[in-house]
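One structure is given here, and the rest of the page talks about it.
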Amino acid sequence: MDKTLSSRVKELCTKQGITLKELAEKMGIKPESLSRALNGNPQLSTLENIAKALEVGVAELLTGGRSYVPLTSDFTALVVNGKKTYLFHSKSDLKDWIHSID
């Protein structure tokens, strides 16, 4: 994807005239917790909470509002493992991750 989750959330906040701090308050979490989520591998429930607070769908957070996202590779995988969500753009990255959890 051409933009990170963090940049998409910042863009949505700007469009709505709110800061990340205000978004965190709206979600009932500390700004530091929001920052960690945006810059790490957020849980699916966290993505849902961010989307709800911004009044958008999770898909809009992940695609930047486009219904079609041009891919830079022939492979994309979204994996939900427990409470974490991972996005892989190559089979080798996915294989490496699978081997790391064995």
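Numbered per the working numbering, the sequence shown finishes at 103, counting up by one with no gaps.
Glycine residues also receive a C-beta, built at the ideal position from the N, C-alpha and C atoms.
The structure displayed is predicted, hence computed values, not measured ones.
- The Cβ atoms of Ala60 and Met28 do not sit closer than 9 Å to each other.
- Taking all protein chains in view, the Cβ of Val80 is surrounded by fewer than 16 other Cβ atoms within 10 Å, so the residue is classified as exposed.
- Buried is the label assigned to Asn50, since at least 16 other Cβ atoms lie within 10 Å of its Cβ.
- For the pair Leu48 and Ser36, the Cα-to-Cα distance works out to about 12 Å.
- If you look at Thr86, you'll find it in the beta strand (DSSP E) that goes 85 to 89.
- For Val10, the enclosing alpha helix (DSSP H) begins and ends at 6 to 17.
- Phe76 and Thr64 have their C-alpha atoms roughly 16 Å apart.
- With 16 or more other CB atoms across the displayed protein chains lying within 10 angstroms of its CB, Ala38 is buried.
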